[in-house]
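Participant: Under the working numbering, the sequence shown has 592 at position 591, and the numbering climbs by one with no breaks.
I'd like to ask some things about the structure below.
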Amino acid sequence: DIGSPGLKEASVLFHRKAAEEMMSSALEGLDGIMPHLERLSVMGLPHAESDSGVKLLRGLSGVLSAVREGRTRREILEALHGARSFLLTRSGSPRSVNSLGNSRVWGADHREMKDSVKAVSIFVSEHGSILPFIGNPSLLERAERRLLDVITVLEALHSRYAREKNRLNSMDFDDQISLAVRMLEEDGGILRKMRRRYTHILLDEFQDTDPRQWRIAELLWNGGESCRLFMVGDPKQSIYGFRSADVRLFLEASSMLEGHEEGKVVVLDRNFRSAFEIMEFVNGIFPGLMGTDRNRWSVPFDPLDAHRGPGGSVTVVSVIGSRRSEEREGRKAADLIMRAMREWKVMDEDGPRDARFSDIAILVPTRTGFDRYEDALRNASIPYRVYNSGGFFRRQEVKDVLELLNFLVDQNDDIALASVLKGPFFSLSDEDLMSVSLSDGSTLWEKLGRNEAFRGIHDLLERFIDISFRSEPAMVLAEIFSATGVHATAGGRRQYRNLDRILEWTADPRNGTSVAELRDSLARLVEDPPKEGEPQFFVEDEVVTLLTIHAAKGLEWPIVFILGLEHEGRKNESPTCIISQDDGIAMKVLDTGSGDYLRTPAYEKAARDAELKEAEEKKRVFYVACTRARDHLVLSGAIPVRRNGMEGEPKGMMKLLVDGMDLSFHDMEEGQKEIGRMVVDIVRVSGDSVEELVEEEEEEDREPLSTTPELSIQTDCGVIPAKGRGFLSPTGEEVSEILGVAIDDDRTRTPRAAGNDGPAPFELGEMVHRVLEGIPVERVVREYGYPDLAGPISMMSSDMAEQVKALGPGVGFREVEFVGYLESGGEKHPLKGRVDLLVIDDEGNALIVDYKTGKRRKEHEAQLEAYVRMIEPLAGGSVRSTVVSPGDDNNVHE
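Right under this line is the structure:
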């Protein structure tokens with residue numbers, strides 16, 4: 002019964018035998034009534050419509066037979082054709098056909114029918130994923146085999162891990178819990194001794210307890226016969242689901258204690274931390290968020306009384322538009338911090354006082370956008386620290402470099418090599434690593450050398466090993482960064498800067514004069530990093546603290562900013578496997594016919610449970626964040642905007658804020674909204690342009706190089722392949738070595754000197770490239786942090802654009818990636834390349850255009866020659882190359 006008067010029953014079949022039995026019963030029933038309908042048709046009884054009825058039932062019989070026999074969808078549709086005439090008309094008369102769908106003809110049945118259709122539609126949308134499994138037993142059998150395979154792998158992994166721990170005579174943290182439970186359950190003598198020893202048990206922060214931890218307390222408590230049990234916790238603050246904490250334990254334990262003859266539940270409903278305004282805000286929005294969706298993980302909200310009086314504030318910052326929201330949000334947060342330092346008061350034991358930087362904490366849901374907020378604080382000269390993060394030496398780029406150094410020092414370190422291969426230097430997939438691991442050899446390094454598909458990577462790593470013995474560490478890393486193109490693949494400006502900071506750090510001889518010494522120094526800093534993420538020039542107590550919401554639990558500050566509320570963190574929206582306490586292991590299964598992975602019924606249930614659990618925990622995380630503030634609370638997040646100017650659907654906790662406040666664009670224009678007995682100030686942050694407001698799912702609009710009748714610029718070049726396994730991006734030096742071309746003596750790139758405020762050469766080149774791609778120069782220089790360079794960058798770009806126009810007739814394709822083979826000395830080298838502009842004329846002849854803003858070197862010429870050789874077999878005509886530089890007298894060099 003799915004709640005509709007028109008659809009009383011629905012049968013969902015999960016078992017092949019049950020499906021076959023039901024279809025057999027239906028067919029037998031049809032066979033039984035068919036002769037009677039045919040006899041009625043012969044007799045010509047009025048109003049029986051027996052002829053159509055016979056056709057309908059014959060059609061249904063064919064459909065059921067087709068489904069039972071596992072025929073294709075096409076055959077089933079053909080079987081339905083037998084019922085077509087009945088479905089289209091009752092008697093065949095035009096009048097009857099025209100009356101179909103007319104509500105007056107249907108009368109009282111019309112509403113019931115519409116409700117039934119709606120109910121069926123909802124049912125199919127919610128449960129449609131299991132339909133492919135009905136009547137297709139092979140899918141379920143394949144899912145069962147795949148599940149057994151995964152269990153076999155997990156058991157083997159667990160067994161191997163256990164043997165290794167036994168060999169080392171060690172245990173991990175999970176063992177300490179699991180073995181303690183096992184000991185108490187299996188050894189009655191120890192359990193009795195422990196019960197005699199402990200007469201009182203206090204469980205603090207009980208909302209963060211997982212089932213195994215609770216089992217230990219439950220065994221010792223023994224239903225109250227052995228000792229007293231005292232638990233303290235707040236289910237609204239249960240936010241560690243990723244550590245297996247289960248809020249349901251708190252609810253179940255509370256009910257159990259309340260039902261115990263000596264049990265008692267004491268509700269602490271008074272808040273001593275936060276000002277009246279903050280508690281009024283919390284009490285105003287959370288009743289509509291918590292406990293409204295009744296499910297196993299929902300927690301009801303009980304309002305709290307504020308012990309403190311008025312004197313605080315709540316401010317909401319709505320960043321309109323999702324484009325560059327962190328930058329605009331960070332600037333506004335910095336403005337509000339400086340305003341707080343001038344105007345806001347905080348409450349101490351001695352009364353109100355002026356705010357200090359140390360009174361302020363910035364909380365974020367995830368580390369997404371951290372660098373943007375740091376940039377904003379730095380630009381505003383606001384001292385800050387990243388709380389308990391280890392700062393720079395905890396960042397992923399540093400760990401990637403450490404694994405690279407580990408491998409250079411010890412080629413038998415399989416974990417280090419796997420990290421290097423899978424990391425940003427080579428970006429191999431899990432499938433690639435599996436392919437390597439299945440090759441012959443005792444170590445991963447030997448296996449890599451014997452795998453022909455990745456021989457190029459092996460040869461490149463051998464070269465890195467060789468130069469690590471002959472060059473200074475900074476030069477070794479500079480060469481590796483250049484050869485692998487890691488700057489282009491690390492992702493984001495912060496990662497780019499971090500790699501340059503690593504080069505600067507390695508250039509200091511105090512950190513090591515060899516790769517091995519450098520590895521040891523870096524390993525110590527990664528293991529025990531400095532407390533602050535940035536160099537500190539301020540007294541520790543006079544800095545703003547930047548941290549995640551999870552790290553802030555249990556802490557408090559007079560002033561709390563919660564930024565980036567729209568961020569939800571990186572997650573796999575649809576993993577192929579789900580493992581949970583309630584549902585065990587649930588798998589997707591490959592449909593060999595369509596090539597798609599289908600969600601099995603078990604997977605569907607597990608996925609929905611996980612979604613519900615995560616949604617409820619998100620509400621509790623939001624509650625924890627709001628209740629960290631004592632005097633002033635600032636909440637900030639982005640609200641997307643559609644092309645028509647209407648607000649889009651907020652994401653993450655920003656949606657909770659908008660829903661809880663019933664916040665509208667009108668409220669944002671007004672600048673205030675009443676919540677209970679207080680008024681929330683609303684600050685609207687608009688973009689500098691329409692492009693910053695509109696949320697685009699497609700590639701951002703760009704103004705291309707202005708086209709001429711002779712040359713048109715496009716972005717999609719489908720004539721050259723861009724992907725290939727085992728193809729490496731060559732540096733100019735590598736290409737020169739392959740071609741036997743001499744290179745400049747000053748070719749090695751050195752890190753930019755500390756303290757230089759101007760752009761590094763690569764930054765200058767990147768800015769010009771982006772302007773030539775059509776991105777407005779004002780946006781480019783603003784994003785790179787050099788707004789004063791808009792004029793020079795614009796002049797350089799315009800000069801180069803005019804040179805491009807003079808290249809002649811043809812079609813130009815920007816940023817073309819390709820793969821090919823470079824032949825030299827009888828060998829074929831699989832390489833990949835990328836050209837700034839590829840111009841193809843009407844006869845199929847190609848011209849490779851390379852933008853250069855810096856000094857031209859011989860290795861650049863060798864690289865262009867290699868590109869010409871690689872593209873020639875792929876193009877339909879001749880291939881030439883040219884260099885375009887700003888201020889060139891000759892314009893084009895070939």
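Ideal Cβ positions, reconstructed from N, Cα and C, are used throughout, including at glycine.
Bear in mind that the values here come from a model prediction, so they are computed numbers and not experimental data.
1. According to DSSP, simplified to helix, strand and coil, what is I841?
2. Can a CB atom of chain B be found closer than 9 Å to the CB of K554?
3. I need the DSSP call for E873, collapsed to helix, strand or coil.
4. The beta strand (DSSP E) with I135 in it runs from where to where?
5. Considering Cα atoms alone, identify which of A867, A863, E844 is closest to S879.
6. Return helix, strand or coil for T153, following the three-state DSSP convention.
7. Quick one: Cα of V817 to Cα of D837, how far?
8. Residues in the same chain with beta-carbon distance under 7 Å from P887, minus the five sequence neighbours each way, listed in chain order, please.
9. Can you tell me whether I123 is buried or exposed, with buried defined as 16 or more other CB within 10 angstroms of its CB?
10. Tell whether a beta-carbon distance below 9 Å holds between I563 and V365.
11. I think S130 touches E605, with their Cβ atoms under 8 Å apart; what is that distance to the nearest whole Å?
12. Closer than 8 Å is the cut-off here; do at least three beta carbon pairs connect the segment 265–274 with the segment 645–664?
13. Determine the extent of the beta strand (DSSP E) in which F562 is found, giving its start and end residues.
14. So, with DSSP's three-state summary, where would you put C627?
15. To the nearest whole angstrom, what separates the beta carbons of E278 and V317, a pair I think is in contact under 8 Å?
16. Compute every distance between the C-beta of L406 and the non-hydrogen atoms of the ligand MG, then say whether any falls below 8 Å.
17. Can the beta-carbon of E557 be found less than 9 Å from the beta-carbon of R471?
18. If we require 4 or more residues per run, which alpha helix (DSSP H) segments fall completely within the segment 425–489?
19. So for V691, helix, strand or coil by DSSP?
20. Starting from I363, trace the beta strand (DSSP E) both ways and give me its first and last residue.
21. Terminal residues of the continuous beta strand (DSSP E) containing R685?
22. Can you give the Cα-Cα distance for P788 and M342, rounded to whole angstroms?
23. Grouping DSSP H, G and I as helix and E and B as strand, with all else coil, what is S637?
24. Where do the ends of the beta strand (DSSP E) carrying V347 lie?
25. DSSP state of Q673, grouped into three classes?
26. I'd like the span of the alpha helix (DSSP H) that includes I321, first residue to last.
27. Out of L461, E330, K614, point me to the one whose CA is closest to G565's CA.
28. Is the beta carbon of G225 less than 9 Å from the beta carbon of A639?
29. So for A611, helix, strand or coil by DSSP?
30. Roughly how many angstroms lie between the CA atoms of T593 and V320, to the nearest whole one?
31. Using the Cα positions of H934 and R621, report the straight-line distance between them to the nearest angstrom.
32. Measuring alpha carbon to alpha carbon, tell me which of E543, S469, G486, A552 ends up nearest R520.
33. Expressed to the nearest angstrom, what Euclidean distance is found between the alpha-carbon atoms of W506 and M476?
34. Should S882 go down as buried or exposed, given a rule of 16 or more other Cβ atoms within 10 Å for buried?
35. Take the Cβ of C627 as the centre, count every other Cβ of all protein chains shown within 10 Å, and call the residue buried at 16 or more, exposed below.
36. Just the Cα atoms here: how many angstroms apart are V151 and V182?
Facilitator: On the basis of the data shown:
1. Within the sequence shown, numbered from 1, the residue matching residue 841 stands at position 840. Residue state, collapsed to three classes: strand.
2. No chain B is part of this structure, which consists of one protein chain only.
3. One-based indexing of the sequence shown puts residue 873 at position 872. Looking at E873 - three-state DSSP - the assignment turns out to be coil, as it is neither helix nor strand.
4. Stepping through the sequence shown from its first residue, residue 135 is reached at position 134. I135 -> no beta strand (DSSP E), and no H or E assigned at all.
5. In the sequence shown, the residue the question calls residue 879 occupies position 878. Residue nearest to S879 within the set A867, A863, E844 is E844 (criterion: CA-CA distance).
6. As a first step, residue 153 is located in the sequence shown; it is residue number 152 there, counting from the start. Three-state DSSP puts T153 in a helix.
7. Here residue 817 refers to the residue found at position 816 of the sequence shown. Here residue 837 refers to the residue found at position 836 of the sequence shown. Approximately 7 Å, taken between the alpha carbons.
8. In the sequence shown, residue 887 corresponds to position 886, counting from 1. Apart from the 5 residues on each side of it in sequence, P887 sits with its Cβ closer than 7 Å to the Cβ of M797, D800, M801, T854 in its chain, given in chain order.
9. In the sequence shown, the residue the question calls residue 123 occupies position 122. Around the beta-carbon of I123, fewer than 16 other beta-carbon atoms lie within 10 Å, marking it exposed.
10. Counting from one through the sequence shown, the residue named residue 563 turns up at place 562. Counting from one through the sequence shown, the residue named residue 365 turns up at place 364. For I563 and V365, yes; Cβs fall inside 9 Å.
11. Taking the first residue of the sequence shown as position 1, residue 130 is located at position 129. Taking the first residue of the sequence shown as position 1, residue 605 is located at position 604. Taking C-beta atoms under 8 Å as the contact rule, S130 and E605 qualify, at a distance of about 5 Å.
12. No, the segment 265–274 does not touch the segment 645–664.
13. The residue you call residue 562 lines up with position 561 of the sequence shown. In the DSSP assignment, F562 falls within the beta strand (DSSP E) that extends over 558–563.
14. In the sequence shown, the residue the question calls residue 627 occupies position 626. C627 falls in the helix class under three-state DSSP.
15. On the sequence shown, residue 278 is found 277 positions in, with the first residue counted as 1. On the sequence shown, residue 317 is found 316 positions in, with the first residue counted as 1. Between V317 and E278 the Cβ distance is about 13 Å, and since that is not below 8 Å, they are no contact.
16. The ligand MG is not part of the structure shown, which contains no ligands of any sort.
17. As a working note, residue 557 is residue 556 in the sequence shown. As a working note, residue 471 is residue 470 in the sequence shown. Their beta carbons are not under 9 Å apart, which means E557 does not touch R471 by this criterion.
18. Those alpha helix (DSSP H) runs which fall completely within the segment 425–489 and span 4+ residues are 431–438, 445–450, 456–469, 474–485.
19. Position 690 of the sequence shown holds residue 691. Residue placement at V691 cannot be trusted, given a pLDDT of 38 that sits under 50; what the coordinates show is reported in the next sentence. Three-state result, V691: helix.
20. What you label residue 363 is simply residue 362 of the sequence shown in a count that begins at 1. Run containing I363: 361–365, per the beta strand (DSSP E) assignment.
21. Here the question's residue 685 lines up with position 684 in the sequence shown. Note, R685: beta strand (DSSP E), 679–686.
22. Within the sequence shown, residue 788 is the residue found at index 787, counting from 1. Within the sequence shown, residue 342 is the residue found at index 341, counting from 1. C-alpha separation (whole angstroms): 28 Å.
23. Residue 637 sits at position 636 when you count from the first residue of the sequence shown. Look at S637 here: in three-state DSSP terms it is strand.
24. On the sequence shown, position 346 is the one that residue 347 refers to. Run containing V347: 346–349, per the beta strand (DSSP E) assignment.
25. In the sequence shown, counting from the first residue as 1, residue 673 sits at position 672. Q673: strand per DSSP, three-state reduction.
26. Residue 321 sits at position 320 when you count from the first residue of the sequence shown. That residue, I321, is in no alpha helix (DSSP H); its beta strand (DSSP E) goes 314–321.
27. Locating residue 565 in the sequence shown gives position 564, where the first residue counts as 1. Selected option, being the one with the closest Cα: E330.
28. If you number the sequence shown from 1, residue 225 lands on position 224. If you number the sequence shown from 1, residue 639 lands on position 638. Not closer than 9 Å, so no.
29. For this step, residue 611 is matched to residue 610 along the sequence shown. Helix.
30. The residue you call residue 593 lines up with position 592 of the sequence shown. The residue you call residue 320 lines up with position 319 of the sequence shown. Their Cα atoms are separated by approximately 46 Å.
31. For residue 934 there is no data in the structure shown, the boundaries of the chain being 2 and 895.
32. Residue numbering aside, residue 520 sits at position 519 when the sequence shown is read from its first letter. That would be S469, whose Cα lies nearest to the Cα of R520.
33. Numbered from 1 along the sequence shown, position 505 holds the residue referred to as residue 506. Numbered from 1 along the sequence shown, position 475 holds the residue referred to as residue 476. One C-alpha to the other measures close to 12 Å.
34. Residue 882 sits at position 881 when you count from the first residue of the sequence shown. Result: buried.
35. As a working mapping, residue 627 is identified with position 626 in the sequence shown. C627 should be labelled buried.
36. Along the sequence shown, one-based indexing puts residue 151 at 150. Along the sequence shown, one-based indexing puts residue 182 at 181. A straight-line Cα-Cα distance of about 27 Å links V151 and V182.
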